[in-house]
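To start, the structure itself, in structure tokens.
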Amino acid sequence: MYTFDDTAAVTAVLDRLATREDPLVVQLARQPGARESRWLHLLGGPVEALEQTGKMQERASAADSALSERVAVLEEAVRALEGRLKMLEAAPRNP
206 MYTFDDTAAV
216 TAVLDRLATR
226 EDPLVVQLAR
236 QPGARESRWL
246 HLLGGPVEAL
256 EQTGKMQERA
266 SAADSALSER
276 VAVLEEAVRA
286 LEGRLKMLEA
296 APRNP
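Taking the working numbering, the leading residue of the sequence shown gets 206, the next gets one more, and so forth.
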């Protein structure tokens with residue numbers, strides 16, 4: 206096993222492996238919430254592994270879409286509540 210100095214050195218080696226005439230690795234799209242991109246080795250065959258990755262990305266995209274819709278609904282509810290609160294604060298008070 207080789208000891209790398211930092212993640213930049215690891216990325217440089219992976220880039221070289223990915224740009225070979227016969228690539229040995231491929232960089233996958235960075236997943237939401239992940240710090241770094243994932244890499245996939247191509248030693249066992251690229252097709253099946255990339256298909257699985259594509260399915261995972263489709264599911265993540267659908268989950269992001271549903272989350273965005275939920276956030277939009279919640280933001281609208283907060284705006285409505287803020288409006289009602291401002292009306293209550295501005296209303297004259299009865300002693």
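Think of the CB as a built atom: it goes at the ideal place given N, C-alpha and C, for glycine as much as any other residue. For clarity, every value in this text was computed on a predicted model and none was experimentally measured.
Who are the near neighbours of residue i in its chain, counting only those whose CB is closer than 7 Å to its CB and skipping five residues on each side?
i, result
"residue 230", "219, 222, 223, 244, 245, 246, 247"
"residue 269", "237"
Residue i by DSSP, collapsed to three states: which one?
i, result
"residue 290", "helix"
"residue 245", "strand"
Which residue wins for smallest C-alpha separation from residue i, given the options the options?
i, options, result
"residue 266", "234, 291, 213", "234"
Within its chain, find whatever has a CB closer than 8 Å to the CB of residue i; leave out the 5 residues flanking it on each side and keep chain order.
i, result
"residue 301", "Only positions 206 to 300 of the chain appear in the structure, and residue 301 is not among them; the question remains open."
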